[in-house]
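Sequences listed follow chains A and G, in order. Residues in the first sequence are numbered from 789 upward in steps of one, following our numbering. Residues in the second sequence are numbered from 24 upward in steps of one, following our numbering. Here a beta-carbon is modelled for each residue, glycine too, at the ideal position from N, C-alpha and C. Note that the structure is predicted; figures quoted are calculated from it, not measured. Here the structure comes first, spelled out in structure tokens, and everything after it is commentary.
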Amino acid sequence: MNNVLVLPLIIPLVSAAIMLIFWRWRFIQHFFGILGPAGILISSIVLLNSVRQNGIQVDQIGSWPAPFGITLVADLFSAIMVLMTGLMGLAIAIFSLASIDPQRRLFGYYPLLNILLLGVSGAFLTGDIFNLYVWFEVMLIASFVLMALGGEQAQILGAIKYVTLNLLSSALFLAGVGLLYAAVGTLNMADLAIKLGEVEHPEYISALAMLFLVAFGIKAAMFPLFFWLPASYHTPPVPVSAIFAALLTKVGAYALIRVFTLLFTQEVFFTHTLILVLAGFTMVTGVLGAVAQFDFRRLLSFHIISQIGYLMMGLGLFTVHSLAGSVIFMVHVILAKSTLFLISGITHRLHGTFELKKLGGLYRSYPLLAFLFLIPALSLAGIPPLSGFFAKLALIQAGLAIEQYYIVATALGVSILTLFSMIKIWAEAFWKPLPAETSLLKSYLPAEAPSGAMHILVSPIIVLAAITVIVGLAAEPVFSLAFEAAEQLMNPAGYIQAVMGGNP
Amino acid sequence: MEVVLAIVIGGLYGTGLYMMMRRSIVKLIIGLVLLGHATNLLILTASGLVRASPPLIPEGEVVPVLPIADPLPQAVILTAIVIGFGVVAFTVVLIHRTYQANATDDIELIAEVEP
Chain A
789 MNNVLVLPLI IPLVSAAIML IFWRWRFIQH FFGILGPAGI LISSIVLLNS
839 VRQNGIQVDQ IGSWPAPFGI TLVADLFSAI MVLMTGLMGL AIAIFSLASI
889 DPQRRLFGYY PLLNILLLGV SGAFLTGDIF NLYVWFEVML IASFVLMALG
939 GEQAQILGAI KYVTLNLLSS ALFLAGVGLL YAAVGTLNMA DLAIKLGEVE
989 HPEYISALAM LFLVAFGIKA AMFPLFFWLP ASYHTPPVPV SAIFAALLTK
1039 VGAYALIRVF TLLFTQEVFF THTLILVLAG FTMVTGVLGA VAQFDFRRLL
1089 SFHIISQIGY LMMGLGLFTV HSLAGSVIFM VHVILAKSTL FLISGITHRL
1139 HGTFELKKLG GLYRSYPLLA FLFLIPALSL AGIPPLSGFF AKLALIQAGL
1189 AIEQYYIVAT ALGVSILTLF SMIKIWAEAF WKPLPAETSL LKSYLPAEAP
1239 SGAMHILVSP IIVLAAITVI VGLAAEPVFS LAFEAAEQLM NPAGYIQAVM
1289 GGNP
Chain G
24 MEVVLAIVIG GLYGTGLYMM MRRSIVKLII GLVLLGHATN LLILTASGLV
74 RASPPLIPEG EVVPVLPIAD PLPQAVILTA IVIGFGVVAF TVVLIHRTYQ
124 ANATDDIELI AEVEP
């Protein structure tokens, strides 16, 4: 037994259960709302440390040996992702203290947030493909309710689109799981990796892989399956948008990377070239959508899509170097994107609108906020020495190394457009004078908000921006960690050995 | 038997997708339910149909006598049905809430209200 692996799942589950019992107690909701994500963060640091020192960690639940029981596996990539989940959960929970209204809290905002984090961590840690489906559903149910919680008209409309497309994707994923079981007779991912290597007709497996590509592609918001995302992500309250932007599409991207490095590597030329082409289109369409937008959160939503393209580019190139780039990019984009969403929340709090045309003058009235905005914005565009520069550098070097010049050119061009749209936000919201019709300092504080609400709102942003800078300045250890993670992804033998033990 | 089930599955997928294309959100939910059923039947059929031989070990033996029905796809389907039930319960509440707010279930008319 290996208890560290279970902790990131047990802690949010237990804290959600306690919060459900003490439904109306504000203090308990706040306390466990913070404690759950903090527990994930601490246990994931321990987990990452032990994976680094002792190799891939495996836990067979109930001591049933693989492939019969349920397996939890943490390689470096999973451990890094769980770490990011804990970090984001904590930052968002703290931000929520001052920005979630009592109405939403009374309808279970904090328990749902914990359940969402439970689903996300579970998806990162499971070693069984059907379990992955179950964790996806846990995450989706929580996200459905978070999306619709509050019941505003725009939210309901967004939720209908979001729910429909995600359920369609789940149905396809489940069908894929069933057909995979029919083909090789196992659901454990390590065992699948062995058996899929021995099948007689790899072209059938590639056809099956396309089903998974579509299912996960919808969840990750890849081209041409992303339309649900900009139609829904700007509708819920800001902390909810931020956690969705930080984690949910990344779970889809994680699942794609996992299955296309471990399971579907039979016909790499076909599958991974397709992924590379889709990655290019995802980048371009996402950023073009962003350039056309004048709503703070809609603009950021389109950027999520464009960033997913970069993650998929690392997978499509399919070398150790490019996957390391994807891992760094994943960390970078989770940090930068959630920070930007939280900043959009503060600007909304200050002026009561997300419309960039109605905003203005924030550089003059809130220079700290302007500075905090610049860090993730420039990082997203890839300006050194911030984290985004090194993430893009690794991907572009990887592309040049195997002479994929088209995708490299696309990635560089999209970077310029990213910078352009970030400068648009800067010029509209921060630089130009405040339009006369927007009343200055229209306060949107909930009635019972603590007096230091602004400090609570700004503090997670400061921490996340600081981490963005640190990841950039301390690029060397981050790179070596990412390369170790990519080595593990490219050589699944270690993963298989760790799960199946002496009985492969 | 497989052929019949394959036709049924295809029919369910087709009907489900058709219902999802309609403007009424009630039909959208019905479409989602049908897709779920089609997927469950697909898993059952694809992993092999074995009639009337449950995976039970006869008295005095240590392994069951082949051929037996594979219990794992059935367990998978059972889990999927339970999850599907929860999801449908949520979506029904969602459309009820939408209907209350808009007094219509036509998605086009609701979308026009969007601010």
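- Straight-line spacing of the CA atoms in A:M807 and G:V26 works out to 51 Å.
- Residue-level contact by beta carbon fails for G:T38 and chain A, as no gap is shorter than 8 Å.
- Under a criterion of Cβ atoms nearer than 8 Å, no residue of chain G is adjacent to A:E991; the nearest Cβ is some 18 Å distant.
- By the Cβ neighbour-count rule, G:M44 is exposed, with fewer than 16 other Cβ atoms within 10 Å of its own.
- Any Cβ of chain A closer than 8 Å to the Cβ of G:V73 would place that residue at the interface, and such an atom is absent.
- In this structure, G:T68 is the residue among G:T68, G:L55 and G:G34 with its C-alpha nearest to the C-alpha of G:M24.
- Of the candidates A:L1181, A:S1167 and A:S1153, A:S1167 places its Cα closest to the Cα of A:V1121.
- The beta carbon of A:I944 lies closer than 7 Å to those of A936 in the same chain, with the five residues before and after it left out.
- Proximity of A:L984 to chain G, defined by a Cβ-Cβ separation below 8 Å, is not satisfied.
- Under the three-state reduction of DSSP output, G:D128 falls in the coil class, being neither helix nor strand.
- Interface with chain G (8 Å Cβ-Cβ cutoff): A:V922 is included.
- In this structure, G:L35 and G:H60 form a Cβ contact; the two beta carbons are roughly 6 Å apart against a cut-off of 8 Å.
- Under the rule that a run must span 4 or more residues, the alpha helix (DSSP H) segments found entirely inside the stretch 28-78 of chain G read 48-69.
- For A:A854, the secondary structure class from DSSP, reduced to helix, strand or coil, is coil.
- Per the coordinates, the alpha-carbon of A:I1031 lies some 18 Å from the alpha-carbon of A:F1161.
- Short of 6 Å from the beta carbon of A:S884, and not among the five residues preceding or following it, lie these beta carbons of its own chain, in chain order: P1027.
- Using a Cβ distance threshold of 8 Å, A:I868 and A:L836 count as a contacting pair.
- Counting C-beta atoms within 10 angstroms of its own C-beta, G:S76 has fewer than 16 neighbours from the protein chains shown and is therefore classed as exposed.
- Secondary structure of A:N976 (DSSP, three-state): strand.
- Using beta-carbon distances, A:F918 counts as an interface residue toward chain G, with a partner under 8 Å.
- Contacts between G:R45 and chain A, judged by CB atoms closer than 8 Å, are missing: the closest CB pair is about 12 Å apart.
- Under the Cβ criterion of 8 Å, G:S76 is not counted among the residues facing chain A.
- Listed in chain order, the alpha helix (DSSP H) elements of length 4 or more contained wholly in the stretch 1034-1106 of chain A are 1037-1050, 1056-1080 and 1084-1105.
- The C-beta of G:I48 comes closer than 8 Å to at least one C-beta of chain A.
- Inter-segment contact for the stretch 885-892 of chain A and the stretch 1002-1017 of chain A is absent: fewer than three beta-carbon pairs are separated by less than 8 Å.
- The three-state reading of DSSP puts A:L860 in strand, counting E and B together.
- Close CB contacts of G:V99 within its chain, under the 7 Å cut and outside five residues either way in sequence, are with I66 (chain order).
- In this structure the stretch 1078-1088 of chain A does not lie against the stretch 1056-1067 of chain A, because fewer than three pairs of beta carbons, one per stretch, are closer than 8 Å.
- Counting along the chain, the unbroken alpha helix (DSSP H) around A:V1002 starts and ends at P990 to A1008.
- For A:G939, the neighbours in chain G by C-beta distance under 7 Å run, in chain order, R120.
- If the five residues before and after G:Y41 are omitted, its C-beta is found closer than 8 Å to the C-beta atoms of G54, all from its own chain and listed in chain order.
- In the DSSP assignment, A:Q845 falls within the unbroken beta strand (DSSP E) covering Q845 to Q848.
- A:L793 and A:L860 do touch by the CB rule: their CB atoms are close to 5 Å apart, below 8 Å.
- Under the Cβ distance rule, A:I944 counts among the residues neighbouring chain G, one pair being separated by less than 8 Å.
- Take A:Q1192, set aside five residues on each side of it, and the residues of its chain with a beta-carbon closer than 8 Å to its own are L1064 and L1105, in chain order.
- About 12 Å separates the CB atoms of A:G843 and A:A1281; that is not less than 8 Å, and the two are not in contact.
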